[in-house]
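Note that full-length UniProt numbering has the sequence shown beginning at 1, numbered continuously upward. Before any comments, here is the structure.
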Amino acid sequence: MGTSTLLLYSSGILSLSRILLNNLVKKSTAFSPKHLHTSTGIITRCPLQLKLRKIKNEVKWQAVLSYKDTSIKLEDPSQVEGCVSKAQNMLAGDGVGICDDLITLEIMSANVCDLTLIDLPGIARVPVQGQPEDIGDKIKNLIRRFIEKNETINLVVVPCNVDIATTEALKMAQEADPEGRRTLAILTKPDLIDKGTEKIILKIVRNQVIPLSKGYIVVKCRGQRQIEDGTSLEQAIQEEIGFFKNHEFFRCLLQEEKASVNCLATKLTQDLVDHIKKSLPLLADEINKQLRNSRAELNHYHKVSPPLETENLKEFFIGIMIKFNEKINRMASGAAGYRDNLFVQLNSEFKQWKEQLDCTKSSFHQVVQDVVDDYDLKYRGRELPGFSDYNVFEMVVQRLVIELKEPAIDRLRVIREIIQEQFLDVSEKCFPIYPHLQNVAMNKIEDIQLKQEAKVEQRIMEQFEMEKLLYTQDEIYFKTLNKIHSSGELASEDRYPGLESRNKYPEMLKAYYEIVVQRLADQVPMLIRYFMLKESAHLLCTEMLGLTDCANIAEVLREESDISRRRIITQARIERLTIAQKKLRNFI
Numbered sequence: 001m002g003t004s005t006l007l008l009y010s011s012g013i014l015s016l017s018r019i020l021l022n023n024l025v026k027k028s029t030a031f032s033p034k035h036l037h038t039s040t041g042i043i044t045r046c047p048l049q050l051k052l053r054k055i056k057n058e059v060k061w062q063a064v065l066s067y068k069d070t071s072i073k074l075e076d077p078s079q080v081e082g083c084v085s086k087a088q089n090m091l092a093g094d095g096v097g098i099c100d101d102l103i104t105l106e107i108m109s110a111n112v113c114d115l116t117l118i119d120l121p122g123i124a125r126v127p128v129q130g131q132p133e134d135i136g137d138k139i140k141n142l143i144r145r146f147i148e149k150n151e152t153i154n155l156v157v158v159p160c161n162v163d164i165a166t167t168e169a170l171k172m173a174q175e176a177d178p179e180g181r182r183t184l185a186i187l188t189k190p191d192l193i194d195k196g197t198e199k200i201i202l203k204i205v206r207n208q209v210i211p212l213s214k215g216y217i218v219v220k221c222r223g224q225r226q227i228e229d230g231t232s233l234e235q236a237i238q239e240e241i242g243f244f245k246n247h248e249f250f251r252c253l254l255q256e257e258k259a260s261v262n263c264l265a266t267k268l269t270q271d272l273v274d275h276i277k278k279s280l281p282l283l284a285d286e287i288n289k290q291l292r293n294s295r296a297e298l299n300h301y302h303k304v305s306p307p308l309e310t311e312n313l314k315e316f317f318i319g320i321m322i323k324f325n326e327k328i329n330r331m332a333s334g335a336a337g338y339r340d341n342l343f344v345q346l347n348s349e350f351k352q353w354k355e356q357l358d359c360t361k362s363s364f365h366q367v368v369q370d371v372v373d374d375y376d377l378k379y380r381g382r383e384l385p386g387f388s389d390y391n392v393f394e395m396v397v398q399r400l401v402i403e404l405k406e407p408a409i410d411r412l413r414v415i416r417e418i419i420q421e422q423f424l425d426v427s428e429k430c431f432p433i434y435p436h437l438q439n440v441a442m443n444k445i446e447d448i449q450l451k452q453e454a455k456v457e458q459r460i461m462e463q464f465e466m467e468k469l470l471y472t473q474d475e476i477y478f479k480t481l482n483k484i485h486s487s488g489e490l491a492s493e494d495r496y497p498g499l500e501s502r503n504k505y506p507e508m509l510k511a512y513y514e515i516v517v518q519r520l521a522d523q524v525p526m527l528i529r530y531f532m533l534k535e536s537a538h539l540l541c542t543e544m545l546g547l548t549d550c551a552n553i554a555e556v557l558r559e560e561s562d563i564s565r566r567r568i569i570t571q572a573r574i575e576r577l578t579i580a581q582k583k584l585r586n587f588i
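Shown next as structure tokens:
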């Protein structure tokens, strides 16, 4: 909304556009307020933005009515009322409902001034048939959206024959503009006041009742009968002057320039000029800010958009692929200090894997103890009492360790999803406007990850098959055993004190299981890291860089359908803002 915008709203249910147009378009022979609504009841049911544009050409009158996605060119002023009415019905429905959607009527003529007016619905107190019970609240909320903006002048239209102190429209204006710097009150219908209340009206107009910085103006517009009788604007203005000149109490207001539409037109023009002057520094700051943002946006498009020249296309594409590969390799290397450090997530998963292994120790130890305790009863073969079969304990270890295979595979799948999601996120950030290239990258990422997952799964299966061998170096075994050995005497390769006793088996197998847990705690993550991350990253970078040799790079770099449109819009916005910036410098 520009600095030359007038907001119109009232405490009653009458058309406000006609009142202002009486003042601002009175000399135009091509358009007059009679071309807007002339019926009674709620007439303005949607915010109506009236843009007056002075043009210097042979065209006497032209207009465009627009709302939502609809735009209608008008050839004749007589089309205005029907088109506005149809637009309101489309937005607010047939009847007396209201809608927040804006209707814009842009009128271009040599006979108008450059000005923007917004006509708002009048405040309804009691819903009529066909209106919701909260119609009053809806209208007030709509009005507040507009009148709270500091760049607008609010024109409050109040009939003289109501108590201004209780007028809802003026109350809302005071809430939005407590100091009254942006509020001008227009008093209408001075011919309908009760005898004896004239002095009260004079006090109001002279700013002695509810002070406003811009004050009050009294006007007497054409009534419904005059409109139906075809009274011209010029004739109505003359009749208005005659009314005030001959009025016993109000004639003084003419001399004080506080009465008549001519006075209103003059005051509005001056107020708008003053308001614009005060708003220019703020407007200049806002234009500069928008210009910086728009240039940054356009610069972004230039950086990520392919060049138009075919010979530079491959070089541009290679540059994109290099940046993509750098991010993927940095992610795979796990270098500290980067926000996209994938290893933060992976380390958490590997830690959970270690905790999961540690949780199985107690159950393993218990099973081994149970086997030792029940050996003679359940497992003894041909051996004499006191001897034990190593195969029995080997079988127990194999069975319990193999149960860890499924959790290891589950952890692999979780990590694969994490890595794949991170790789896809890199492709989205590196190719934000290239849907075809994103699709190619996505397919390659998913294909490589699936193949690598199958490879790692096979390696994990092989690892668990090897765990069936129950092997570790003697030195490692004794070192672990001595950590958990209950007696003070240490075991070594040449000394096996007491180890032949069956009651020592739980400690011995516990030591071996510690080795297995440590081996799996490291080996499974290493397999996953190498194949799912390091090798996957290498394969992905190689295949993506290989796209530079494809026949149709232009097709791969095809942009989203609306990117070009957004670039053109941004360029046009910069041009308009630059022109506005130059013009403002001449005024400030």
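All C-beta atoms in this analysis are idealised placements derived from N, C-alpha and C, irrespective of residue type, glycine included. Note that the coordinates shown come from a computational prediction; the quantities given were computed from them, not determined experimentally.
Per-residue DSSP class, three states only, for residue i
i, result
"alanine 110", "coil"
"serine 388", "coil"
"tyrosine 513", "helix"
"serine 213", "coil"
"aspartate 134", "coil"
"lysine 534", "helix"
"tyrosine 67", "strand"
"arginine 576", "helix"
"leucine 21", "Because the pLDDT at leucine 21 is just 47, under 50, the model does not fix this residue reliably, and the point stays unresolved."
"valine 156", "strand"
"lysine 56", "coil"
"leucine 117", "strand"
"lysine 73", "strand"
"isoleucine 98", "coil"
"lysine 51", "strand"
Residue i versus residue j - alpha carbon distance
i, j, result
"residue 605", "leucine 254", "In the structure as shown, the chain starts at 1 and stops at 588, and residue 605 therefore has no counterpart that could be examined."
"residue 643", "proline 211", "Outside the displayed range of the chain (1 to 588) lies residue 643, so it cannot be described from this structure."
"isoleucine 147", "threonine 104", "18 Å"
"threonine 570", "asparagine 293", "10 Å"
"phenylalanine 250", "serine 66", "42 Å"
"tyrosine 390", "asparagine 503", "14 Å"
"valine 157", "lysine 220", "12 Å"
"glutamate 465", "glutamine 369", "24 Å"
"lysine 277", "glutamate 168", "30 Å"
"serine 32", "lysine 267", "Here the model assigns serine 32 a pLDDT of 42, short of 50, so the residue's position is not dependable and the matter cannot be decided."
"glycine 41", "cysteine 263", "Model confidence at glycine 41 stands at a pLDDT of 41, short of 50, so the residue's coordinates are unreliable and nothing is read from them."
"glutamine 473", "arginine 413", "32 Å"
"lysine 378", "valine 524", "35 Å"
"serine 427", "leucine 342", "15 Å"
"asparagine 552", "alanine 335", "36 Å"
Pick from the options that is closest to residue i, judged by C-alpha positions
i, options, result
"leucine 313", "Asp100, Asp549 and Tyr530", "Asp549"
"leucine 537", "Leu298, Ala332 and Ile193", "The sequence given here has alanine at residue 537, not leucine. The candidate whose alpha carbon is nearest that of alanine 537 is Ala332."
"arginine 558", "Ala441, Gln523, Ser348 and Leu437", "Leu437"
"residue 599", "Asn111, Asn299, Leu291 and Leu120", "The structure shown does not extend to residue 599, since the chain is modelled only from 1 through 588, so no value can be given for it."
"glutamate 406", "Cys359, Ile460 and Lys455", "Ile460"
"aspartate 410", "Ala236, Gly230 and Glu349", "Glu349"
"glutamate 457", "Asn207, Ala408, Ile433 and Arg380", "Ala408"
"cysteine 99", "Lys68, Ile287 and Gln79", "Lys68"
With 16 other Cβ atoms within 10 Å as the buried cut-off, status of residue i
i, result
"arginine 182", "buried"
"aspartate 374", "exposed"
"glutamine 449", "buried"
"asparagine 586", "exposed"
"methionine 172", "buried"
"arginine 399", "exposed"
"glutamine 235", "exposed"
"isoleucine 568", "exposed"
"tyrosine 471", "exposed"
"aspartate 119", "buried"
"threonine 44", "buried"
"cysteine 359", "exposed"
"asparagine 443", "exposed"
Distance CB(residue i)-CB(residue j) smaller than 8 Å
i, j, result
"cysteine 46", "leucine 102", "yes"
"tyrosine 477", "alanine 511", "yes"
"valine 162", "glutamate 106", "no"
"methionine 508", "arginine 416", "no"
"glutamate 394", "glutamine 452", "no"
"leucine 155", "isoleucine 186", "yes"
"leucine 584", "leucine 283", "yes"
"leucine 545", "valine 556", "no"
"isoleucine 123", "lysine 140", "yes"
"alanine 259", "isoleucine 217", "yes"
Contact with chain B by residue i, beta-carbon distance below 8 Å
i, result
"cysteine 221", "The chain inventory of the structure shown lacks chain B, comprising one protein chain alone."
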